[in-house]
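K.L.:
Number of protein chains: 2
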Amino acid sequence: MLTIVVDAMGGDHAPACVIEGTVQALQESGNRFEIILVGQSDKVEPLLAGYDLTALNMRFLHAPEVITMEDIPATAVKTKQNSSLVKGLQLCKTKQADAFVSAGNTGAQMAASLFVLGRLPGVLRPTIYAYFPRLTEGLTNIVDVGANVDCKPENLVQFAEMLTIYQRYGAGIERPLTGLLNIGGEEGKGSEVLKQTYRLLKEAASKGTITFLGNIEGHDILKGEATIVVCDGVVGNTILKFGESIPEFLGTLFKHSLEVLLLSGQINKESAALITGMFKSMFEPFDVEQFGGVPFLGVDGISIVGHGRSSSRAIKNMIYMAEHMIEKRVNEHIAEVLSEQ
Amino acid sequence: MLTIVVDAMGGDHAPACVIEGTVQALQESGNRFEIILVGQSDKVEPLLAGYDLTALNMRFLHAPEVITMEDIPATAVKTKQNSSLVKGLQLCKTKQADAFVSAGNTGAQMAASLFVLGRLPGVLRPTIYAYFPRLTEGLTNIVDVGANVDCKPENLVQFAEMLTIYQRYGAGIERPLTGLLNIGGEEGKGSEVLKQTYRLLKEAASKGTITFLGNIEGHDILKGEATIVVCDGVVGNTILKFGESIPEFLGTLFKHSLEVLLLSGQINKESAALITGMFKSMFEPFDVEQFGGVPFLGVDGISIVGHGRSSSRAIKNMIYMAEHMIEKRVNEHIAEVLSEQ
Numbered sequence: 006m007l008t009i010v011v012d013a014m015g016g017d018h019a020p021a022c023v024i025e026g027t028v029q030a031l032q033e034s035g036n037r038f039e040i041i042l043v044g045q046s047d048k049v050e051p052l053l054a055g056y057d058l059t060a061l062n063m064r065f066l067h068a069p070e071v072i073t074m075e076d077i078p079a080t081a082v083k084t085k086q087n088s089s090l091v092k093g094l095q096l097c098k099t100k101q102a103d104a105f106v107s108a109g110n111t112g113a114q115m116a117a118s119l120f121v122l123g124r125l126p127g128v129l130r131p132t133i134y135a136y137f138p139r140l141t142e143g144l145t146n147i148v149d150v151g152a153n154v155d156c157k158p159e160n161l162v163q164f165a166e167m168l169t170i171y172q173r174y175g176a177g178i179e180r181p182l183t184g185l186l187n188i189g190g191e192e193g194k195g196s197e198v199l200k201q202t203y204r205l206l207k208e209a210a211s212k213g214t215i216t217f218l219g220n221i222e223g224h225d226i227l228k229g230e231a232t233i234v235v236c237d238g239v240v241g242n243t244i245l246k247f248g249e250s251i252p253e254f255l256g257t258l259f260k261h262s263l264e265v266l267l268l269s270g271q272i273n274k275e276s277a278a279l280i281t282g283m284f285k286s287m288f289e290p291f292d293v294e295q296f297g298g299v300p301f302l303g304v305d306g307i308s309i310v311g312h313g314r315s316s317s318r319a320i321k322n323m324i325y326m327a328e329h330m331i332e333k334r335v336n337e338h339i340a341e342v343l344s345e346q
Numbered sequence: 006m007l008t009i010v011v012d013a014m015g016g017d018h019a020p021a022c023v024i025e026g027t028v029q030a031l032q033e034s035g036n037r038f039e040i041i042l043v044g045q046s047d048k049v050e051p052l053l054a055g056y057d058l059t060a061l062n063m064r065f066l067h068a069p070e071v072i073t074m075e076d077i078p079a080t081a082v083k084t085k086q087n088s089s090l091v092k093g094l095q096l097c098k099t100k101q102a103d104a105f106v107s108a109g110n111t112g113a114q115m116a117a118s119l120f121v122l123g124r125l126p127g128v129l130r131p132t133i134y135a136y137f138p139r140l141t142e143g144l145t146n147i148v149d150v151g152a153n154v155d156c157k158p159e160n161l162v163q164f165a166e167m168l169t170i171y172q173r174y175g176a177g178i179e180r181p182l183t184g185l186l187n188i189g190g191e192e193g194k195g196s197e198v199l200k201q202t203y204r205l206l207k208e209a210a211s212k213g214t215i216t217f218l219g220n221i222e223g224h225d226i227l228k229g230e231a232t233i234v235v236c237d238g239v240v241g242n243t244i245l246k247f248g249e250s251i252p253e254f255l256g257t258l259f260k261h262s263l264e265v266l267l268l269s270g271q272i273n274k275e276s277a278a279l280i281t282g283m284f285k286s287m288f289e290p291f292d293v294e295q296f297g298g299v300p301f302l303g304v305d306g307i308s309i310v311g312h313g314r315s316s317s318r319a320i321k322n323m324i325y326m327a328e329h330m331i332e333k334r335v336n337e338h339i340a341e342v343l344s345e346q
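As given, the protein sequences belong to chains D and A, one line each in that order.
Start counting the first sequence at 6; every next residue gets the next number (this note's numbering).
Start counting the second sequence at 6; every next residue gets the next number (this note's numbering).
(1) How should A/Asp-232 be labelled, buried or exposed, when 16 other C-beta atoms within 10 angstroms of its C-beta is the threshold for buried?
(2) At a CB-CB cut-off below 7 Å, which residues of chain D make contact with A/Ile-188?
(3) Taking the continuous alpha helix (DSSP H) assigned at D/Glu-328, which residues delimit it?
(4) Give me the residue from A/Leu-94, A/Val-49, A/Leu-227, A/Ile-272 with the minimum Cα distance to A/Ala-21.
(5) Taking 7 Å as the cut-off, decide whether the C-beta atoms of A/Asp-239 and A/Val-106 are in contact.
(6) List the endpoints of the continuous beta strand (DSSP E) containing D/Pro-300.
(7) The beta strand (DSSP E) with A/Arg-204 in it runs from where to where?
(8) Run down chain D in chain order and give the residues with a C-beta less than 8 Å from the C-beta of A/His-224.
(9) Does A/Thr-202 come within less than 7 Å of chain D when only Cβ atoms are used?
(10) Just to make sure I have the definition right: I need the residues of chain A whose C-beta is within less than 8 Å of the C-beta of D/Gly-195. Which are they?
(11) Whose C-beta lies closer than 6 Å to the C-beta of A/Ala-30 among residues of the same chain, with five residues either side of it excluded?
(12) Under DSSP, the alpha helix (DSSP H) around A/Ser-262 begins and ends at which residues?
(13) Please list the partners that A/Leu-129 has in chain D, where partner means a Cβ-to-Cβ separation under 9 Å.
(14) Mind listing the chain D neighbours of A/Ile-272? Cutoff is C-beta to C-beta under 8 Å, in chain order.
(15) What is the rounded straight-line gap between the Cα of A/Lys-85 and the Cα of D/Leu-267?
(16) Quick one, which residues of the stretch 283-299 of chain D are near chain A if we go by CB-CB under 7 Å, in chain order?
(17) Taking 7 Å as the CB-CB limit, is A/Ser-262 close to chain D?
(18) In this structure, how does DSSP classify A/His-338 when only helix, strand and coil are distinguished?
(19) Taking C-beta pairs closer than 7 Å, name the residues in chain A that D/Phe-259 reaches, listed in chain order.
(20) For a contact meaning CB atoms closer than 7 Å, what does D/Phe-254 contact in chain A?
(21) Could you tell me the distance, in whole angstroms, from the CA atom of D/Lys-207 to the CA atom of D/Leu-185?
(22) Using the beta-carbon of each residue, which ones in chain D are nearer than 7 Å to A/Val-266?
(23) What does DSSP give as the partner residue(s) for A/Val-49 in the beta ladder?
(24) Along the chain, where does the beta strand (DSSP E) containing A/Ile-272 start, and where does it finish?
(25) When we look at the beta-carbon of A/Arg-130 and count the other beta-carbons within 10 Å, is it buried (16 or more) or exposed?
(26) Could you compute how far the alpha carbon of D/Glu-332 sits from the alpha carbon of D/Arg-37?
(27) Output the boundary residues of the beta strand (DSSP E) element that contains D/Ile-39.
(28) With distances taken Cα to Cα, identify the nearest neighbour of A/Arg-180 among A/Met-6, A/Ala-165, A/Asn-187, A/Leu-245.
(29) Excluding five sequence neighbours on each side, which residues of the same chain lie with their C-beta closer than 6 Å to the C-beta of D/Asn-187?
(30) Along the chain, which unbroken stretches of the beta strand (DSSP E) at least 3 residues long are found entirely within the stretch 105-181 of chain A?
(31) Considering only residues of the same chain and omitting the five flanking positions on each side of D/Val-121, which have a CB-CB separation below 7 Å?
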């Protein structure tokens, strides 16, 4: 049976939301895996008292320290060795657990994962990707979305290779397609790093570690031809956060426009309610919580990173993602391909 | 009276659309300026035959060559000296005209503008910005949006300074506010270039050439606190093109959702038409054509760059933008501030 560590203290709504999501995962899956919940006992135990723990395959482990969103990642990891984050990852390192899940300070989780778990053989820099909506069936992942800046061409190529492996084995995509995010479609466009990355991606394609579509542009992302969009973390992070702000932005415009129609009597309340429901459902493809979180790809272990504002549903799906990553042996496949280079 | 050169051959719908927009500008403004239309006589003159030219303050100038969207900018500018693009800019250089307007090959227009007009004193690299929608009143400009990649910190600072001058004198914004687009809010975040740019922007703020808000992130763009968003051309170009693709993406989702409601009889045709109108009007803030195009800031002259798919309305507004840039003496102000540094 798999053992998954959940950071009870990670996230804006922790620990309540985290506990709720963990319990949901165990109940829904029929205790398919074991959970070790790590956190401060005075915060977590009173909340656990509200559940029938005998029916849940869950243990609690006290960690006196907490790494907050305000902590500086590299410093916190060194000075707060008794935090839920560091203790939880150590359980993975010592093989007492198979995976770690947190919706806490992303920078600290990346630093701690790298520090405690180390890198998979051959990996230059681990990376984090994101899911993007698309018009066509399937899924689009953008990589990197902020874990790495000042990326070298060889880093970007490895991101594409790791995502190709993830999509192939972890997401069941037979032929993942990589596009290099650039300012124009033709070869020779963009910065020096992008030009060199283009050449290296062509080489990787000729070796068969990726399938390369060439350069793609910002307006190609949502079209969904590429299943993997490669870019530096500054670009990916900006696009991700910009994209996340769109539902709220348009929601505000929508609300205002609907009020005008409603107040002028052009539509009735029933129609307005229908249309509001329709508008909300339009943004379902933007719902990142269906995936919960993403693995920190390239570290020697499973460390699932969630959004700070994760709901219990997101936590539940992050636990499933952890299970999935183990079962599909994504890390073994990454090590196999990258250590050969 | 001002003389504005219009590139009849520039744009996906040229020359018909360009001629139409030019005529509209002259008619609407009561021949407030003189237009020199430059292009291939066999393409343009038959179309001009459809207008009463005696009523319009317009001249036609034959240019036998055309720079197309497929031309490589740097090469085309050198080999096609008799193109509408190069001839038009030369009219500005020789003071026979005050401004140049084109919706053609942007790269070629930038190369030709730099080559023919040169840079304003003190300017390291000219730049192109874009307009972005925002929730609050006023406007947001993103700079650079693809004219410059591998930007150095001092380039990014000058972009902020030039935009500050443009917004202050050209757009009537009393206190333009600059944000540095980054992966986090705190100082010390991001790539080496971004860290150094942060320091230089603080210095510029202390000299008074800009007002600096600090780092902003992707989700801050639409909020509209910053009126100027500074980033490398790779980031700006990607965000711009991604943003441009959103109305179409959501439009497709909307159409599908509305059809479901309509076919199931949940709403009637009249409501559907109203809602469709509402949905379209929601995207009016995304309508870049209201500005037509943008000046290539930093060159020693006025060269207005438009979108390839510009309509006649966009062409008309580009002509007004050219007039505005001259009247507001934006270039004189830029030279004054930047040549002192």
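In this text, a Cβ means the ideal position worked out from N, Cα and C, and glycines have one as well.
P.N.:
Straight from the coordinates:
(1) In the second sequence, counting from the first residue as 1, residue 232 of chain A sits at position 227. Going by the sequence as given, residue 232 of chain A is Thr instead of Asp. That one is buried.
(2) One-based indexing of the second sequence puts residue 188 of chain A at position 183. When 7 Å is used as the limit between beta carbons, A/Ile-188 is near these residues of chain D: Gly-151, Val-154, Gly-238, Val-239, Asn-242, in chain order.
(3) Counting from one through the first sequence, the residue named residue 328 of chain D turns up at place 323. Segment 317-332, the alpha helix (DSSP H) holding D/Glu-328.
(4) Stepping through the second sequence from its first residue, residue 21 of chain A is reached at position 16. When only C-alpha atoms are compared, the closest one is A/Val-49.
(5) Indexing the second sequence from 1 puts residue 239 of chain A at position 234. Indexing the second sequence from 1 puts residue 106 of chain A at position 101. Note that residue 239 of chain A is Val in the sequence shown here, rather than Asp. Not a contact, by the Cβ cut-off of 7 Å.
(6) Counted from its first residue, the first sequence places residue 300 of chain D at position 295. In the DSSP assignment, D/Pro-300 falls within the beta strand (DSSP E) that extends over 298-300.
(7) Working through the second sequence from its first residue, we reach residue 204 of chain A at position 199. Element bounds for A/Arg-204: not the beta strand (DSSP E) but the alpha helix (DSSP H), 197-212.
(8) Here the question's residue 224 of chain A lines up with position 219 in the second sequence. Residues of chain D passing the Cβ test: Lys-246, Phe-247, Glu-249, Ser-250.
(9) Locating residue 202 of chain A in the second sequence gives position 197, where the first residue counts as 1. Not one chain D Cβ lies under 7 Å of A/Thr-202.
(10) Here the question's residue 195 of chain D lines up with position 190 in the first sequence. Residues of chain A passing the Cβ test: Val-154, Val-239.
(11) Taking the first residue of the second sequence as position 1, residue 30 of chain A is located at position 25. Excluding residues within five positions, the ones whose Cβ falls inside 6 Å are Lys-321, Ile-324.
(12) As a position in the second sequence, residue 262 of chain A is number 257, starting the count at 1. Per DSSP, A/Ser-262 belongs to the alpha helix (DSSP H) from 238-268.
(13) Here residue 129 of chain A corresponds to residue number 124 of the second sequence, with the count starting at 1. Ordered by position in chain D, no residue passes the 9 Å Cβ test against A/Leu-129, which lies about 17 Å from the chain.
(14) Numbered from 1 along the second sequence, position 267 holds the residue referred to as residue 272 of chain A. Within 8 Å Cβ-Cβ: Ser-276, Leu-279, Ile-280.
(15) Start at 1 with the first residue of the second sequence, and residue 85 of chain A comes out as number 80. Start at 1 with the first residue of the first sequence, and residue 267 of chain D comes out as number 262. Spanning the alpha carbons of A/Lys-85 and D/Leu-267 requires a straight line of approximately 58 Å.
(16) Going along the stretch 283-299 of chain D in chain order, one finds Met-283, Ser-286, Met-287 with a Cβ nearer than 7 Å to chain A.
(17) For this step, residue 262 of chain A is matched to residue 257 along the second sequence. For A/Ser-262, the answer is yes, since a Cβ of chain D falls inside 7 Å of its Cβ.
(18) Taking the second sequence and counting its residues from 1, one reaches residue 338 of chain A at position 333. Taken through DSSP and simplified to helix, strand or coil, A/His-338 comes out as helix.
(19) On the first sequence, position 254 is the one that residue 259 of chain D refers to. Within 7 Å Cβ-Cβ: Met-287.
(20) Sequence index remark: in the first sequence, residue 254 of chain D carries index 249 (1-based). Those within 7 Å of D/Phe-254 in chain A are Leu-140, Leu-227.
(21) Translated into positions along the first sequence, residue 207 of chain D becomes position 202. Translated into positions along the first sequence, residue 185 of chain D becomes position 180. D/Lys-207 and D/Leu-185: Cα-Cα distance of roughly 11 Å.
(22) For the purposes of this step, residue 266 of chain A is taken as the residue at position 261 of the second sequence. Reading off the sequence, residue 266 of chain A comes out as Leu, not Val. Under the 7 Å cutoff, chain D gives Leu-279, Met-283.
(23) For the purposes of this step, residue 49 of chain A is taken as the residue at position 44 of the second sequence. A/Val-49 pairs with nothing; no bridge assigned.
(24) On the second sequence, residue 272 of chain A is found 267 positions in, with the first residue counted as 1. No beta strand (DSSP E) holds A/Ile-272; DSSP gives it neither H nor E.
(25) As a first step, residue 130 of chain A must be located in the second sequence, where it is residue number 125. Burial call: buried.
(26) As a first step, residue 332 of chain D is located in the first sequence; it is residue number 327 there, counting from the start. As a first step, residue 37 of chain D is located in the first sequence; it is residue number 32 there, counting from the start. Rounded to the nearest angstrom, the two C-alpha atoms are 13 Å apart.
(27) Counted from its first residue, the first sequence places residue 39 of chain D at position 34. Inspection of the sequence shows that residue 39 of chain D is occupied by Glu rather than by Ile. From DSSP, the beta strand (DSSP E) with D/Glu-39 extends over 39-44.
(28) Within the second sequence, residue 180 of chain A is the residue found at index 175, counting from 1. Of A/Met-6, A/Ala-165, A/Asn-187, A/Leu-245, the residue nearest in Cα terms is A/Ala-165.
(29) Within the first sequence, numbered from 1, the residue matching residue 187 of chain D stands at position 182. Same-chain partners within the cutoff: Lys-194, Gly-195, Leu-199, Asn-220.
(30) Complete beta strand (DSSP E) runs here, min 3: 134-137, 145-148.
(31) Numbered from 1 along the first sequence, position 116 holds the residue referred to as residue 121 of chain D. The answer, listed in chain order, is Val-91, Leu-94, Gln-95, Lys-98.
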